[in-house]
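S.K.: Would you mind keeping the following structure in view while I ask a few things?
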Amino acid sequence: MLPLLLQAFFTLPAAYAAERFVNPAHPAASDSGPGSATSPYRTLGHAARSLRPGDTLTIAPGVYRESLSFPEAAWGSAGTVVQGASGAEVLIKGSDAVAGWEPAGGGVFVKRGWSANSQQVFVDGRPLRQIGGTILNGFPERPGHPMAKLHASQGGIWPGRVAGGRDDLVDGSFFYDAAAKSLTIKVPLASLEGHTVEASVRPFLIQGKGLKKVTLRNLRLQHANTTAVAQSGAVTLLGEDLTLERIEVTNVDGAGFDLTGERITVRDSRANDNGQVGMKVRGRGNRLIGNETSRNNTRGFNKWWEAGGAKFVGGGGLRDSEVSGHRAIGNHGDGLWFDWMNRNNRVHGNVVAYNAGFGIHYEASQKGSFTDNYVFANGQRGIYLPNCSECVVERNLVAANRMEGIVIVDERKSARPELLPRGNRVVGNIVAWNGRAAVVLPANGEGNVSDHNVYVDAKDPPLFSLGWATRERPVRKGLEAWKSASGQDANSRSELIEVPPALMKAWQAREIEPDWSALTGVAAPAGPKR
9 MLPLLLQAFF TLPAAYAAER FVNPAHPAAS DSGPGSATSP YRTLGHAARS
59 LRPGDTLTIA PGVYRESLSF PEAAWGSAGT VVQGASGAEV LIKGSDAVAG
109 WEPAGGGVFV KRGWSANSQQ VFVDGRPLRQ IGGTILNGFP ERPGHPMAKL
159 HASQGGIWPG RVAGGRDDLV DGSFFYDAAA KSLTIKVPLA SLEGHTVEAS
209 VRPFLIQGKG LKKVTLRNLR LQHANTTAVA QSGAVTLLGE DLTLERIEVT
259 NVDGAGFDLT GERITVRDSR ANDNGQVGMK VRGRGNRLIG NETSRNNTRG
309 FNKWWEAGGA KFVGGGGLRD SEVSGHRAIG NHGDGLWFDW MNRNNRVHGN
359 VVAYNAGFGI HYEASQKGSF TDNYVFANGQ RGIYLPNCSE CVVERNLVAA
409 NRMEGIVIVD ERKSARPELL PRGNRVVGNI VAWNGRAAVV LPANGEGNVS
459 DHNVYVDAKD PPLFSLGWAT RERPVRKGLE AWKSASGQDA NSRSELIEVP
509 PALMKAWQAR EIEPDWSALT GVAAPAGPKR
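And the structure:
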């Protein structure tokens, strides 16, 4: 009898699951009320604190300058939903509208008594350039900061930082003086009257840990101030069986999403135009379907640190998971980066293009499956798998990347046996018009195979190598020379096809769906459906 009573006690919250509403514009809105449709909560913060497992919270359309922080609870006893109401937009902002500016002449305006280390300032929705900023509780100015030596030979973690102070302001910039507690902007305006100035102040816009069976949907988020205090995301969630649908995170200072846990689904969501990286996900059994992470790293962080479209790293990385129907376009870094001990992931049907770094980067990881992806016009390699084993690269179109097309190599970064590249397969791909070698395979390791591929170049035969080229292992020019030297690609073929002017023009215009008909005769892969 006692176990039954205890079970009943711990499942009571589900029995009291409520339909809750927040609508500050409602005449009966009050945080002391029941949170019903006819007497909704006034603030999002109070509504979030009132949430219990099994509740459904519906947020009325409007702009909310608050954070949504989940309270500690026995999440998972019943499913919980937080959703924007249908119709107009629900926008959660990490910025405050700032008034009381003192004009200092020449388009300079000062806000005194400002205690937040604001990483972003917007005037009429347009971002200003930060001068002399500090992040992560004092970097780079705090002596002995733990990040001070990281990537030091590459300009540190933030090579895009503009050094200086108030005297270095130019039109369209801002500076925060922590000692004086003053925020200063310089804009080509004689007065700020009639203009809206917003400064980021809230580190997290949606935050929760220990969550289970929670769904978020139909929300937009902007202007977080995360990097002032943490290497995290505007949306930071830890839990299991979480679902995020139609969530858009834009113009935040650091990462858009930072998600850790098991069986997390992110669907039809966007993390674009953010300061550092669009999406970070760790854990097992996660599904990322139909999302977009484009034009991220607007603040110029080091791409070898953590910047670009999406990065999966830490705590075992991403395992037994799926990334499909994803667009990673025009990021200042890699498109999709899986870094360190990711395992058993399917990456298929994605478009990864125009990124400054690598297109798809699967590093020091195992059992990745990369199929039916369009990877083109990236600034470095198309598909790059250093120190990986038992991976399959199949039916991809890898074209017009500035460096190599497909690379699997031993970078000799570790003596761990699982990091020796072995058992990898490169099969049935179209590799066209890349700037350097079409394919690079490991010089060591067993069971690496490349075959049934089509190699296309404009004038000269394709290039290949076993490992990075040396005097003993030179670059092989032409498919026949490669076959003879490596024993690979016995059933592959090579063709010379000029790049059509229309296709070249499409790349220059950064079109996401250029016309690939020039490759129709070489049996292009099915590719993603969007």
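Numbering of the sequence shown is given in my numbering, commencing with residue 9 and proceeding in unit increments. We put the CB at the ideal spot given by N, CA and C, even for glycine.
#1: Here's the rule I'm using: 16 or more other beta-carbon atoms within 10 Å means buried, otherwise exposed. How should Asp266 be labelled?
#2: Going straight from the alpha carbon of Arg389 to that of Asn31, what length do you get?
#3: Does DSSP put Arg430 in a helix, a strand or coil?
#4: Name the one or two DSSP bridge partners that Gly113 has.
#5: Quick one: using the 10 Å Cβ neighbour count with 16 as the cut-off for buried, is Pro135 buried or exposed?
#6: Terminal residues of the continuous alpha helix (DSSP H) containing Ala55?
#7: What first and last residue would you give for the alpha helix (DSSP H) that runs through Gln516?
#8: Could you check whether Ile193 and Val285 sit closer than 7 angstroms to each other, using their CB atoms as the reference points?
#9: Gly107: which of Ala96, Trp122, Trp476 sits nearest, CA to CA?
#10: In its own chain, which residues sit with a C-beta less than 6 angstroms from the C-beta of Gly202, not counting the 5 before and 5 after it?
#11: Tell me the residue span of the alpha helix (DSSP H) that contains Ser494.
#12: Quick one: grab the DSSP three-state call for Arg228.
#13: Beta-carbon within less than 6 angstroms of Val415's beta-carbon, same chain only, minus the 5 sequence neighbours each way: which residues are those?
#14: How close, in whole Å, do the beta carbons of Asp347 and Gly325 come, if the pair is a contact with beta carbons under 8 angstroms?
#15: Please specify which runs of the beta strand (DSSP E), each continuous and at least 3 residues long, are wholly inside the region 285 to 316, giving them in chain order.
#16: So Gly367 and Gly343 are in contact, right, with Cβ under 8 angstroms, and what is the actual spacing, rounded?
#17: Please report the straight-line C-alpha distance between Arg430 and Asn452, rounded to a whole angstrom.
#18: Round the Cβ separation of Arg271 and Asn226 to the nearest angstrom and send it over; I've been treating them as touching at under 8 angstroms.
#19: Quick one, which of Gly53, Ala86, Gln138 has its alpha-carbon nearest Ile100's?
#20: Nearest-angstrom Cα distance between Asn339 and Ser40?
#21: Which residues bound the beta strand (DSSP E) around Gln138?
#22: So does the region 467 to 479 actually touch the region 507 to 517, counting three or more Cβ pairs closer than 8 angstroms?
#23: Who does Val383 pair with in a DSSP beta bridge?
#24: Where do the N-terminal and C-terminal ends of the beta strand (DSSP E) with Val30 fall, by residue?
#25: Buried or exposed: Thr204, going by 16 or more other Cβ atoms within 10 Å of its Cβ?
#26: With three or more beta-carbon pairs closer than 8 angstroms as the criterion, would you say the region 213 to 224 touches the region 82 to 100?
#27: Rounding to the nearest angstrom, what Cα-Cα distance links Ser397 and Ile337 in this structure?
#28: Any chance the region 176 to 189 sits against the region 137 to 144, with 3 or more Cβ pairs inside 8 angstroms?
#29: Mind checking Ala105: buried by the 16 CB within 10 Å criterion, or exposed?
#30: Which residues bound the beta strand (DSSP E) around Arg275?
#31: Would you tell me roughly how many angstroms separate the C-alpha atoms of Ile143 and Leu427, rounded to the nearest one?
M.R.: To lay it out plainly:
#1: buried
#2: 49 angstroms
#3: coil
#4: Val116
#5: buried
#6: 52 to 57
#7: 509 to 516
#8: no
#9: According to the sequence as given, residue 107 is Ala; it is not Gly. Per the Cα distances, Trp122.
#10: none
#11: 487 to 494
#12: strand
#13: Arg389, Tyr392, Val448
#14: 7 angstroms
#15: 285 to 292, 295 to 297
#16: 5 angstroms
#17: 8 angstroms
#18: Incorrect: roughly 21 angstroms between the Cβ atoms, too far for contact.
#19: Gly53
#20: 45 angstroms
#21: 137 to 139
#22: no
#23: Val360, Val406
#24: 27 to 30
#25: exposed
#26: yes
#27: 27 angstroms
#28: yes
#29: exposed
#30: 273 to 275
#31: 34 angstroms
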